[in-house]
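Student: With this note's numbering applied, the sequence shown corresponds to residues 92 to 327, in that order.
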Amino acid sequence: MELKDKIAIVTGVSKGIGLATVIALLDKGMKVAGWGRTAPDLQHDNFLFIECDVRFAESVQAAFDQTITKLGTHVSVLVNNAGLGIFGKLEDMAIEDWKLMFETNVNGIFYSSRLVIPGMKELEEGHIINICSIAGTTGVEGMSGYSGSKHAVRGISQSLYKEVREYGVKVTCIYPGSVKTNFFDNIDSVTVSDNMMRPEDIASTIVHALESHANYHHVDIEVRPLMPKGRKQKES
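So this is what it looks like as structure tokens:
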């Protein structure tokens, strides 16, 4: 897809992968609507921040309405990045924390995607990127809720691409390993380090998928840090 002058929506843009993706798309000449609960530290003529909580269909609808009113009616790209994880064993998980993860990580994708798909099908062009996780491909001890929500993201993505592919619309699910973001702030067992991937790395993968030939479709992309524990010391 040629990205210049086209419209993108990115959710969860306050920092991390979302913010890096916004910057990467702006660098490609796109007009970007950033949806989130907190505004990022970013000023750009082609960037529009809209306060939105993807847990709520009404909030997503309002954000979408503002996007098409201020940027244009044809949304070419949606990056479903908003998400969170809460660590804890299943029997210890608070019901509200469980709901928070599923409402954000799963329902948010449904609320956002359903609004852009009709326009993409009409244009016979469009691309939805869902940011999943390695936890969406395998179970992780102490993260049953998060892993369950990300398995749902995987299933939604793999079903949705089959629903829209014949209309020229792509759906790509990206499964990152550890990324140096604030995701790990409340997980005591993980220490953020420079051995993790950078948010910019994920953003570059998103751009690569978006710019691919119209008949070339990245369905699943798994990315991991090459040396998560650092470079192995040579034996003397």
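From the three backbone atoms N, C-alpha and C, an ideal C-beta is built for every residue, glycine too.
Check whether the stretch 190-197 touches the stretch 239-250, counting contact only when three or more Cβ pairs, one atom from each stretch, lie closer than 8 Å.
Tutor: yes
Student: Here's the rule I'm using: 16 or more other beta-carbon atoms within 10 Å means buried, otherwise exposed. How should residue 127 be labelled?
Tutor: The residue is buried, with at least 16 neighbouring Cβ atoms inside 10 Å.
Student: Just grab the DSSP bridge partners of residue 218 for me.
Tutor: 168, 261
Student: Is it right to say residue 196 is buried, meaning 16 or more other beta carbons lie within 10 angstroms of its own, or is it exposed?
Tutor: By the neighbour-count rule (16 or more Cβ atoms within 10 Å), residue 196 is buried.
Student: Taking 7 Å as the line, does the beta carbon of residue 314 fall inside it for any heavy atom of the ligand FMN?
Tutor: Ligands are entirely absent from the displayed structure, and the ligand FMN is therefore not among its contents.
Student: Within the continuous beta strand (DSSP E) that includes residue 99, where are the two ends?
Tutor: Start and end: 98-102.
Student: In chain order, which continuous runs of the alpha helix (DSSP H) of length 4 or greater are located wholly inside the stretch 172-198?
Tutor: 186-193
Student: Please classify residue 322: is it buried, with 16 or more other beta-carbons within 10 angstroms of its beta-carbon, or exposed?
Tutor: exposed
Student: Tell me, which residues are paired with residue 312 by DSSP?
Tutor: 265
Student: Are residue 144 and residue 150 touching if we call contact CB-CB under 8 Å?
Tutor: If you check the CB distance, residue 144 and residue 150 come in under 8 Å.
Student: Hey, how far is the Cα of residue 113 from the Cα of residue 255?
Tutor: 25 Å
Student: Which residues does DSSP pair with residue 124 in a beta bridge?
Tutor: Beta-bridge annotation (DSSP): residue 124 is paired with 100, 139.
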